[in-house]
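Reading through the structure tokens given below for one structure.
Number of protein chains: 2
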Amino acid sequence: MSMDAVFKALADPVRRQLLDSLHARNGQTLGELCEGRGMSRQAVTKHLAVLETANLVATERRGREKLHYLNPVPIHEIADRWIGKYERGRLDALAALKRDLEGQSDG
Amino acid sequence: MSMDAVFKALADPVRRQLLDSLHARNGQTLGELCEGRGMSRQAVTKHLAVLETANLVATERRGREKLHYLNPVPIHEIADRWIGKYERGRLDALAALKRDLEGQSDG
DNA sequence: ACTATATGCAACTATTTAGTTGCCTTTCAA
DNA sequence: TTGAAAGGCAACTAAATAGTTGCATATAGT
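Chains as they are written, first to last, in my numbering: chain A, 74 to 180; chain B, 74 to 180.
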């Protein structure tokens with residue numbers, strides 16, 4: 074639920090790649106998610122646990138396999154509540170930045 | 074430039090608060106950004122350095138003061154290139170998630 | 001039953017990170 | 001020119017993080 078957990082989860086490139094992988098093909102097993110990642114299975118497990126805690130990934134046990142599903146809702150919430158506010162005034166702020174940084178020095 | 078630096082910078086709540094503060098009032102000095110934060114000036118300085126490295130904050134020296142300006146461009150780029158792709162298929166993925174997680178158990 | 005496969009758990013290490021304190025430099029103002 | 005205000009630099013500590021290895025458990029297939 075906490076936004077902090079989501080931001081922290083997104084801070085690691087490996088975890089973002091895992092989300093990308095699930096985005097490309099949802100419902101992958103742990104083994105599949107480990108392939109070609111040059112890292113031990115346990116390391117990937119830990120990353121997936123972080124993503125699960127942040128509610129970015131949901132899992133389901135099927136027999137001896139564990140299937141992983143992307144949950145895009147927290148990302149949507151971040152984009153909505155936090156990033157949106159910076160984008161709204163984006164051009165204004167950009168103009169102000171230019172004015173402040175360049176307008177002071179010389180003319 | 075690197076997206077990783079931006080994500081890492083956004084991962085810390087103190088740094089997000091600093092961005093929020095600059096969003097509310099741009100061009101604050103270091104001293105102003107330290108006020109009411111319950112943390113040493115040097116700690117805040119380090120956080121601001123991280124934000125500067127990620128190009129989320131630009132600074133200008135004015136006399137003995139250092140002014141800080143929010144740069145919303147990297148946030149926009151993240152929203153554009155990375156978050157956007159998860160939002161586009163959001164409802165689809167959500168439906169798939171529900172189907173996968175609930176539809177399997179019973180029938 | 002036996003074996004291979006898929007995953008879980010736990011201890012350990014190395015690196016990074018967030019914060020501190022102490023001291024130095026620069027600038028403004030009397 | 002002297003003192004106070006604003007900030008910079010560097011060393012240190014504590015905690016979190018990312019990764020490892022070794023072993024245990026559970027399931028599938030024969």
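Every residue, glycine too, gets a C-beta built ideally from N, C-alpha and C.
Open item on the list: Taking beta-carbon pairs under 7 Å, can you tell me which members of the segment 106–122 of chain B lie near chain A?
Closed with: none
Task: Beta carbon proximity, Leu83 of chain A to chain B, threshold 8 Å - done: To locate residue 83 of chain A, count along the first sequence from 1; it is residue 10. With 8 Å as the cut-off, Leu83 of chain A counts as an interface residue toward chain B.
Open item on the list: Considering only their Cβ atoms, is the gap separating Ala127 of chain A from Pro147 of chain A smaller than 8 Å?
Closed with: Counted from its first residue, the first sequence places residue 147 of chain A at position 74. Counted from its first residue, the first sequence places residue 127 of chain A at position 54. In this structure, Ala127 of chain A lies closer than 8 Å to Pro147 of chain A by Cβ.
TODO: Scan the segment 91–102 of chain A for residues whose Cβ lies nearer than 7 Å to a Cβ of chain B and list them as they occur along the chain.
DONE: His96, Asn99, Gly100
- [ ] Following the continuous alpha helix (DSSP H) through Leu129 of chain A, name the residue where it begins and the one where it ends.
- [x] Within the first sequence, residue 129 of chain A is the residue found at index 56, counting from 1. No alpha helix (DSSP H) holds Leu129 of chain A; DSSP gives it neither H nor E.
Task: Nearest residue (CA-CA) to Glu108 of chain A, options A:Ile156, A:Gln90, A:Asp153, A:Val123 - done: Residue numbering aside, residue 108 of chain A sits at position 35 when the first sequence is read from its first letter. Cα-wise, what sits closest to Glu108 of chain A is A:Gln90.
Open item on the list: Suppose contacts are defined by Cβ-Cβ distances below 8 Å. Is Leu140 of chain B in contact with Arg88 of chain B by that definition?
Closed with: Numbered from 1 along the second sequence, position 67 holds the residue referred to as residue 140 of chain B. Numbered from 1 along the second sequence, position 15 holds the residue referred to as residue 88 of chain B. Cβ atoms of Leu140 of chain B and Arg88 of chain B: not closer than 8 Å.
Open item on the list: At the level of alpha carbons, what is the spacing between Arg161 of chain A and Ala116 of chain A?
Closed with: The residue you call residue 161 of chain A lines up with position 88 of the first sequence. The residue you call residue 116 of chain A lines up with position 43 of the first sequence. Looking at the two C-alpha atoms, the distance is approximately 39 Å.
TODO: Determine, using beta carbons only, whether Ala152 of chain B comes closer than 8 Å to chain A.
DONE: Numbered from its first residue, the second sequence carries residue 152 of chain B at position 79. True, the Cβ-Cβ gap to chain A drops below 8 Å.
Open item on the list: Quick check on Gly180 of chain B: buried or exposed, where buried means 16 or more other Cβ atoms within 10 Å of its Cβ?
Closed with: Locating residue 180 of chain B in the second sequence gives position 107, where the first residue counts as 1. Interpretation of Gly180 of chain B is limited by its pLDDT of 25, a score under 50 that renders its predicted location unreliable; the figure taken from the coordinates is listed afterwards. Per the 10 Å Cβ criterion, exposed.
Task: Per-residue contacts from His141 of chain A into chain B (C-beta, under 7 Å) - done: Position 68 of the first sequence, counted from the start, is the residue given in the question as residue 141 of chain A. Residues of chain B passing the Cβ test: none, with the nearest at roughly 10 Å.
Open item on the list: Considering Cα atoms alone, identify which of B:Ser113, B:Val130, B:Arg114 is closest to Ser94 of chain B.
Closed with: Against the second sequence, residue 94 of chain B aligns to sequence position 21. Measuring from the Cα of Ser94 of chain B, the nearest candidate turns out to be B:Val130.
Task: For Thr102 of chain B, the nearest candidate out of B:His120, B:Ile156, B:Glu138, B:Arg114 (CA to CA) - done: One-based indexing of the second sequence puts residue 102 of chain B at position 29. When only C-alpha atoms are compared, the closest one is B:Glu138.
TODO: Helix, strand or coil for Glu150 of chain A, going by three-state DSSP, please let me know.
DONE: Within the first sequence, residue 150 of chain A is the residue found at index 77, counting from 1. DSSP places Glu150 of chain A in helix when its eight states are reduced to three.
TODO: Pick out whichever of B:Met76, B:Leu83, B:Asp77, B:Ala78 has its Cα sitting closest to the Cα of Trp155 of chain A.
DONE: The sequence position of residue 155 of chain A within the first sequence is 82, counting from 1. Checking every option, the nearest Cα to that of Trp155 of chain A belongs to B:Leu83.
Open item on the list: Contact criterion: CB-CB distance below 8 Å. Does Glu125 of chain A meet it with respect to chain B?
Closed with: Taking the first residue of the first sequence as 1, we reach residue 125 of chain A at position 52. Chain B contact via Cβ: absent.
Open item on the list: Pull the bridge partners of Lys139 of chain A from the DSSP assignment, please.
Closed with: Position 66 of the first sequence, counting from 1, holds the residue named residue 139 of chain A. Looking at the DSSP assignment, Lys139 of chain A forms a beta bridge with A:Arg134.
Open item on the list: Measuring straight from C-alpha to C-alpha, what distance separates Met112 of chain B and Lys158 of chain B?
Closed with: The sequence position of residue 112 of chain B within the second sequence is 39, counting from 1. The sequence position of residue 158 of chain B within the second sequence is 85, counting from 1. Spanning the two alpha carbons is a distance of roughly 37 Å.
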